[in-house]
Every structure is written in C-alpha cells, then in structure tokens.
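Remarks on the structure that follows.
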Amino acid sequence: MVFALLLALGRTAAAAAGPTIDPASVILYLDEGRLELEGDDLRNVRVQWKGPSGPGSDVCLTPKPSGKRERCAFSLPHNLPLDVALAWAPAAPPAGAAAAPDAFVPLRPARVIIDRVFPAATTALDLTGGHGRLPLAHPQALAAVDCAQARCEIEDAAVDVAALSGSATTLTVHAHLAPHVFVLRGDAFESTFTQSVAVLHCPASIVSGAPLRRADTTSVVVRLDARCGGDPHALRWTANGEPAQVVRVAKENDAVLALISVGDVEDATLTVTATRPEPDGSVIAIARAATRPAPLPRASLELPGYGIIDFVPTNRDATVHVAPVGGAARLALLPVEGAYHVTSDANGTRLRGEEGVGGYVALRFGYRVQGLPSPFADTDLAIVSEQLQRPIREASVPAPIGPSALGPDPLVELVCTDGHGKAQRIPPGKRTAIPFSRRDGCRVVIHRERFKPEDGTQDLTLEIEVSKVDDSPRADAHVNERMVLRPASEPRIVWIKGVKGQFDRVTVRIAHVADDVRYVGSTETRTSLPAVQWTLVVGEGHFRFYATAAIPTGLFHITAPSGVLVLNFGALSRLTWLDREGHEGLVGLELGAMGIGFASTVGTTTFPPTLAVIGGIGVSIPIGNRGEASQASVNLHLWGAYELRDDYIYTPPNGVGTSFTPTHWSLLFGPSITIGNIGTNL
50 MVFALLLALG RTAAAAAGPT IDPASVILYL DEGRLELEGD DLRNVRVQWK GPSGPGSDVC
110 LTPKPSGKRE RCAFSLPHNL PLDVALAWAP AAPPAGAAAA PDAFVPLRPA RVIIDRVFPA
170 ATTALDLTGG HGRLPLAHPQ ALAAVDCAQA RCEIEDAAVD VAALSGSATT LTVHAHLAPH
230 VFVLRGDAFE STFTQSVAVL HCPASIVSGA PLRRADTTSV VVRLDARCGG DPHALRWTAN
290 GEPAQVVRVA KENDAVLALI SVGDVEDATL TVTATRPEPD GSVIAIARAA TRPAPLPRAS
350 LELPGYGIID FVPTNRDATV HVAPVGGAAR LALLPVEGAY HVTSDANGTR LRGEEGVGGY
410 VALRFGYRVQ GLPSPFADTD LAIVSEQLQR PIREASVPAP IGPSALGPDP LVELVCTDGH
470 GKAQRIPPGK RTAIPFSRRD GCRVVIHRER FKPEDGTQDL TLEIEVSKVD DSPRADAHVN
530 ERMVLRPASE PRIVWIKGVK GQFDRVTVRI AHVADDVRYV GSTETRTSLP AVQWTLVVGE
590 GHFRFYATAA IPTGLFHITA PSGVLVLNFG ALSRLTWLDR EGHEGLVGLE LGAMGIGFAS
650 TVGTTTFPPT LAVIGGIGVS IPIGNRGEAS QASVNLHLWG AYELRDDYIY TPPNGVGTSF
710 TPTHWSLLFG PSITIGNIGT NL
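In my numbering, the protein residues as written are 50 to 731.
The following block contains the structure:
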C-alpha cells in the first residue's frame, strides 16, 4: 500500500512537470507528410514548422498508447525540405491565461524517411549531348552516388552522368543516403538506394498537336533528331504499350519525321515509345502528349441555287460547309467507297453520291492540323464521322421547260403537220391558227433525250383543253395527265384529239408538280404554275359564207300595202367577216328565198302568200351552238324582195283611198330566229 501511494505521487509529479518527448522516437516521413513521436502526457501537444509556403502547425488531440508511452502523429505538407525547422510545445494555455514565453522547443527528427531519391517522372536519361542529368527529389538526402557504367557526380540538385557507353541502354545508380536518412523497403529502413533508368540517346516529340481520343485510326507525327540515325521502319513502336505502325517517313533539315498510326486512343496521355528490335529491345526514344476528345463534326449540304438539302445527291454535286473545330485543326471531307466521292478546288468542297446507290451514309472527315511540315500538310491524323445518317438519293430540280421552249432545242414543244407533211413548230405564248384540215397532225413532243441527268426525275402535269367557238369545252377532248419522266433516248409523244369544229381552240399547258418530296426547293418556288403554254386555233379565214333556216316573226312589209306579215319562213345564205377567234361579225350580207305572208292580212285584204327572193343586210347574234351546224341566232333584217306571185288589187280599208295593184318589189324589215350554220370559210 505504501508502494502504490509512492507510485501515484510519482505520476502526479510527472503530470505537474508537463509532457515529455523521447528524442529517439521522432521520425519524419518526408514524402508522406507525416511526423511521428512518442512520450508522456502528449494530449494537445503542438508541433509547428516553417516551410516554402509559410509556417504551419498541428495538434495531437488524441494520443494513442504505445507500450508504457503515448504516440502522436502530425500532418505536415508534402513539400517540406529535408532540413525543415521543427518545434514543439505543450498544450495551449486556456483562454484568458497569459501565454508562456518561448513555449516552443526545437525538435530534431532522429530519422528522416523518404520514399524516393529521384522524382516519380524520372524514367529515362537523355544522353543526346554526351552527358545527362538525373534530378534529385531530395538533394540533401544523398551523401554519395556511384554508377557502374559511367561517371556520376552530385551537382546542383541533380546527378550529373557522363562517360557512358553509346551502346548502353540502361544506367544503374547506387545512392548512399546521408546520416539519419533512410528509405523504407517493406518494414525495413535502408540507408542505400538503387535504381535503374533507361538511357535515351535520341530526343523525340509529337509535333502534330494533341492526339484525338476515341477516334478512328488516330495517327501522330513524331520528330526524331537526325543523330538517331537508322530507319524508323526498323524500330519497334508502341503507343501506351500497344503496337503502333510507321506509315510514312520524311526528312526535314536535321530531323526525321515519322507518321505513326497509334489506333484507338482512350487515355488522357499518349506515350509513344521507339525501341530497338529484339533481342536488344532497348528504348531509343519516348514522346508524350496530352490527348483531346474527338470533335463532333457539323456539316451542311447545299445545292447551288436551290438551298440546303438533307441528303446526298447522286446526280449532281452538293457543296459541303463544315463548321470549324477550333485552333489550328480543321476537318476535311473524305470519300466513302460505294457511297459517295469528293472533289475539292478553289471554289470549295463538293460531294456526289455514287450512281445507282441507295440507303444511308454518315459523312466521314479527316482531322488535319495546319502548320505541319509540308510532307504531312494534308495528312489525316484521325477519322471522325457524323452522328447522323443521311439518305442517298437523286436530287430532282425543275428542268427549264419554259426557257427552253423559246430556244432552238426545247424540252417540250407543240408540233403540227403543215401542208407539205412537214412538222411545223407552234410557238408558245402566242395564239396560232392552222387550217381545220390539219387538225389531226398536232401533237405534244416531250424530248426526254434532252433532259439532263443532273436535273433528276421530272414530275410533270400535261393539260390539254379543246373548246368550241363559244368557249364551251369539248368534254371528250380534255386531257389532264401526270407524268414522271426520266432522261431517255426517245421522246414521248402525246397526240391531240377531239377537235371537231372550225375554230376550235386548243390550249396546252405543262407544269411541274409542286412536290417538296421530289423537287429540291419546291417550298420556295411555285412549281405548280404552268411552265409553258400554247394556244392553237384550228381554222382559218376572214369571211364566213353559210346557209341557215330563218323564221322571221312579225316581219314588217314597208312598201304599200304596208303591214305585218305574221307567218314567214325560208332559207338564207349569209356572208360576214370572221375575227381571229372565228367569231362571226355582227352585220352580214344576206340572200335567200323566203315564204312570206302566210295567214297575214293587209288592211281588209288578205295578203297573198308568196315566195319572195330576198337580199339585204342583217344583224345576227348567236345564242347557242356558235359555229356549229346547229347554231341558233336572233336576227334583225332589212331586205329588198321580189315577190313571185300573181297580181292582185289592193283596196284600202273603209273605202278611204284608191284601190291599186301592188308591185312585185317590196322592202321588208323585222326580226327572225335562224337555225343552222352550214357553209365554209373564205
């Protein structure tokens, strides 16, 4: 019991004396940024340091037991130098209490543990200039260094290497660490360090810019110093450990340029390595470059004069517009065998689908970088494709039917046979008259042999209308046909039918069908309007001489004895002029025979029915079937007549006046209805 009391008193005294640190337990893990130490009463013990980025400190809040003592671990920056100034102090005084002067006491590590002698990126030694330098991660950590195959010296925070054989491919470096400095190997602390590094006798660099990730057939241009010598084809090339192929080699001044196909790149960094062939296998050169994602190509196709299209045309060139991808890079359209081909000149890039090919295709582009040496100026460093698929089909544009109809080689024309049996071309937009006898020799000729393949399939409507002189249509002669035409070796002929009467008018119209599925740009162009039109009048003559049946009503007998002749009928011949449309003139000369005076009286005397030969003028207005044999007209006549009758004595009514014998000559005036138009044109 007395012993326990003395032990408790000892602990109380130790606690009153403050924390203690075992100097031999202080270990600085320099590369890990950690300081470990052991001691007594370490709760809230503080450690401070002064590093390149300024002073810092850490506190041991919860010590861990380590045998009869306590262990604390402090976090330090990873960039502290080997001779960093460390200090420690007990727990900070409570708030409001006066701080003890010079509370921090210098702390010297008993051991400094480093993870590496050389930086992690040091994998090769460049001896192109005859000597090389290996940078040191902690220059003060090395006491001495030696190399088995060369002369090595520590100089300016690096190991200077010289006098190495030109055939050497690796260099083994033995480093002796300074006192109290160790390298951790497993669970053991070692004071020496050995590392082998590759020897590079040839500097290399990727001069084609950042390689593309996730692109097809990615390639890079590697620049090798001319002192490397040899043929790049004889070397073994790898890209991120995978085999690579030399595509092309060119020389430029004091360098050798090699185009290396590296395939599909997935990593953020591309490392291209050149080694000697087996069995040597030594590394000759290493080149690295950061990669970039493959650009998404954005392109539009345009038919000059017709606007943007969304397909690949097979019968004419389409201009390709490619959006820029930024920097010194650009995308160049590449042909796809069996789908489309590409042409380029000063006016731009154009493509055209292969003839007879259908389906869909994605445009492919070569990734090119400006500023490369001339042998590789137009080299495709990668292949990228559009995300969308474009249909391959024919581009149809409205053929110039209207303009060509006015020229010497019309695409469509109206032809009639002349009096000698030869073809007579009818001009469009102009009313043309032909004899009625040639009515069966007219036809529409569609010259498919003159269609251009680049215009594509033509969707046309042919409309033929035949109307009578009175503008009423002949229903059996109407034609309205839609035709889908392609270029062919022979024309297509459509004969005109249904012309049955003199001065029948034939109207022929040809128009493109307004189909935005077939025609490019039809939404902006009114393709449904007639492209060309002909008007043909079948009949000629300036005068019309014809016979008709007349039924005068209320014919007035002007000469004495005067009066109204109620019932009359007869036959007339009429001569009148014709206009260009075949319409008869309003006034005509008339000659005929007329039965007059049937059931008529003059005064108190019955007018004797008689046959009269008449002649004079008349005004005629057709009211039905104009120009046909059954034409009906209303008329107003003024005739001189010779009455073929016997003499009779006329007695005035109511006995007023003197009776007399009327003459055979008379003057007649009055309206009539005529039916018929049988005659000829003069």
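For each residue, glycine too, the CB sits at the ideal point set by N, CA and C. Treat the numbers as computed from the prediction; the structure is a model and nothing was measured.
For this session: Look at the alpha carbon of asparagine 93 and the alpha carbon of glutamate 239, and state the distance between them as a whole number of angstroms.
Result: 33 Å
For this session: Tell whether a beta-carbon distance below 7 Å holds between valine 311 and alanine 288.
Result: yes
For this session: Would you mind reading off the limits of the beta strand (DSSP E) that contains glycine 664?
Result: 659 to 673
For this session: Any chance you could list the beta strand (DSSP E) runs of at least 3 consecutive residues sitting entirely within the segment 448 to 488, in chain order?
Result: Within the segment 448 to 488, the complete beta strand (DSSP E) runs of at least 3 residues are 461 to 466, 472 to 475 and 480 to 483.
Exercise. CA-CA distance, glycine 376 and proline 252?
Worked result: 26 Å
Problem set entry | Whole-angstrom C-beta distance between cysteine 491 and isoleucine 545, which should lie under 8 Å | 4 Å
Exercise. For histidine 282, which of helix, strand or coil comes out of DSSP?
Worked result: Here histidine 282 sits in helix by DSSP.
Exercise. Would DSSP call phenylalanine 718 helix, strand or coil?
Worked result: strand
Problem set entry | For alanine 192 and arginine 165, the rounded distance between their alpha carbons | 15 Å
Exercise. How is arginine 262 classed by DSSP in three states: helix, strand or coil?
Worked result: strand
Exercise. Rounded to a whole number of angstroms, what is the C-alpha to C-alpha distance between leucine 284 and alanine 122?
Worked result: 52 Å
Exercise. Going by other Cβ atoms of all chains shown within 10 Å of its Cβ, with 16 needed for buried, is histidine 225 buried or exposed?
Worked result: exposed
Exercise. By how many angstroms is the C-alpha of alanine 372 removed from the C-alpha of alanine 348?
Worked result: 6 Å
Exercise. How many whole angstroms separate the CB atoms of alanine 199 and valine 332, which I take to be in contact at a CB cut-off of 8 Å?
Worked result: Actually they are not in contact, since the Cβ atoms of alanine 199 and valine 332 sit about 17 Å apart, beyond 8 Å.
Problem set entry | Residues of its chain near alanine 197, where Cβ-Cβ distance is below 7 Å and the 5 sequence neighbours each way are ignored | For alanine 197, where only same-chain residues beyond five positions count, the Cβ hits under 7 Å are Thr221.
Exercise. Going by DSSP, what residues sit across from valine 374 in a beta bridge?
Worked result: Answer is none; valine 374 lacks a bridge partner.
Exercise. In the DSSP assignment, what are the bridge partners of histidine 229?
Worked result: DSSP lists no partner for histidine 229.
For this session: In angstroms with no decimal places, state the Cα-to-Cα distance between phenylalanine 414 and leucine 382.
Result: 4 Å
For this session: For the segment 352 to 366 and the segment 403 to 422, state whether three or more C-beta atom pairs, one from each stretch, are separated by less than 8 Å.
Result: yes
Exercise. Considering only C-alpha positions, which residue in the set Pro449, Asp80 and Asp89 is nearest to serine 74?
Worked result: Measuring from the Cα of serine 74, the nearest candidate turns out to be Asp89.
Problem set entry | Cβ shell of isoleucine 495 (< 7 Å), same chain only, five flanking positions each side left out | Only Val461, Leu534, Pro540 and Arg541 meet the Cβ criterion.
Problem set entry | Contact under 7 Å by Cβ, phenylalanine 594 with glycine 676 | Contact check for phenylalanine 594 against glycine 676 fails: the beta carbons are separated by 7 Å or more.
For this session: Please report how far the alpha carbon of tryptophan 49 lies from the alpha carbon of glutamate 291, in whole angstroms.
Result: What the structure shows of the chain is the stretch from 50 to 731, and residue 49 is not part of that stretch, so it cannot be assessed.
Problem set entry | Distance between valine 587 and arginine 480 (C-alpha atoms, nearest Å) | So the two alpha carbons sit approximately 11 Å from each other.
Problem set entry | Short Cβ contact (7 Å threshold) for alanine 190 with valine 154 | no
Exercise. Is it buried or exposed for alanine 293, if we count other Cβ within 10 angstroms and need 16 for buried?
Worked result: buried
Exercise. Hey, how far is the Cα of aspartate 195 from the Cα of glutamate 81?
Worked result: 27 Å
Problem set entry | Cβ-based burial, tyrosine 568 [other Cβ within 10 Å; buried from 16] | buried
Exercise. So which of Asp429, Leu135, Thr267 and Leu91 has the shortest CA-CA distance to lysine 117?
Worked result: Leu91
Exercise. Using a Cβ-Cβ cut-off of 8 Å (strictly less than) and excluding sequence neighbours within five positions of phenylalanine 605, which residues of its own chain qualify?
Worked result: The answer, listed in chain order, is Ser611, Gly612, Val613, Leu614, Leu717, Phe718 and Gly719.
Exercise. Tyrosine 691 bridges to which residues according to DSSP?
Worked result: Val662 and Trp714
For this session: Go ahead and label aspartate 695 buried or exposed: buried means 16 or more other beta carbons lie within 10 angstroms of its beta carbon, across all protein chains shown.
Result: exposed
Exercise. Where does aspartate 467 land, buried or exposed, given buried means 16+ other C-beta within 10 angstroms?
Worked result: Flag for aspartate 467 reads exposed.
Problem set entry | Euclidean distance between Cα positions of asparagine 730 and leucine 578 | 37 Å
Exercise. Is threonine 653 helix, strand or coil by DSSP?
Worked result: Residue placement at threonine 653 is flagged as unreliable, the pLDDT there being 47, under the threshold of 50; the coordinate-derived value follows with that caveat. Here threonine 653 sits in coil by DSSP.
For this session: Please report the residue range of the beta strand (DSSP E) in which aspartate 553 lies.
Result: Start and end: 553 to 561.
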